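Below is one structure, written out as structure tokens; the observations come after it.
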Amino acid sequence: MPSNPQLKLMTDLLHLEGVVVTNYQIITDIGIVLHLENMSRESQCIHCGSKTEKVHQNNELTIRDLPFGEQALYLRINRRQMRCEKCGKKFTEELNY
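Take -6 as the starting number for the sequence shown in my numbering and just add one per residue.
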């Protein structure tokens, strides 16, 4: 398990606002996989504009990023599907990166 200083360093190097690295893996012949999480617990409804913290379901998304030196770099993100408490509609949270 990576230590907190290692995770902080990875978060600082990635430099994405509002995102922290919660874990990472170095997989032989594949590359580095960074597990990311949004620091914000709430998301704004795209239908009515109100803010909600109610999570309907989680969807894991893996994105290939630019290489880190000679290693391929992948970002694994928990992209939440939310349910608005005001209008009741479901929406997927926006990612600003």
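Beta carbons: idealized from backbone N, C-alpha and C, even for Gly. Here the structure is a predicted model, which is why all the values come from computation and not from measurement.
Nearest to residue i (by Cα), restricted to the options the options
i, options, result
"Gln50", "Leu0, Met3, Gln74 and Glu87", "Gln74"
"Ile25", "Glu10, Thr55, His40 and Glu35", "Thr55"
"Asn(-3)", "Leu6, Glu10 and Val14", "Val14"
"Asn16", "Tyr67, Lys79, Lys82 and Ser36", "Tyr67"
"Ile19", "Leu2, Ala65, Glu86 and Gly11", "Ala65"
"Arg34", "Tyr90, Arg72 and Lys79", "Arg72"
"Ile23", "Asn89, Pro60, Lys79 and Lys44", "Pro60"
Coarse secondary structure for residue i, derived from DSSP in three states
i, result
"Asp22", "coil"
"Met3", "helix"
"Asn51", "strand"
"Asn(-3)", "helix"
"Leu27", "strand"
Limits of the beta strand (DSSP E) - the one that residue i falls within
i, result
"Ile70", "Gln64 to Arg76"
"Lys83", "Lys83 to Thr85"
Check whether residue i and residue j have beta carbons under 8 Å apart
i, j, result
"His28", "Arg69", "yes"
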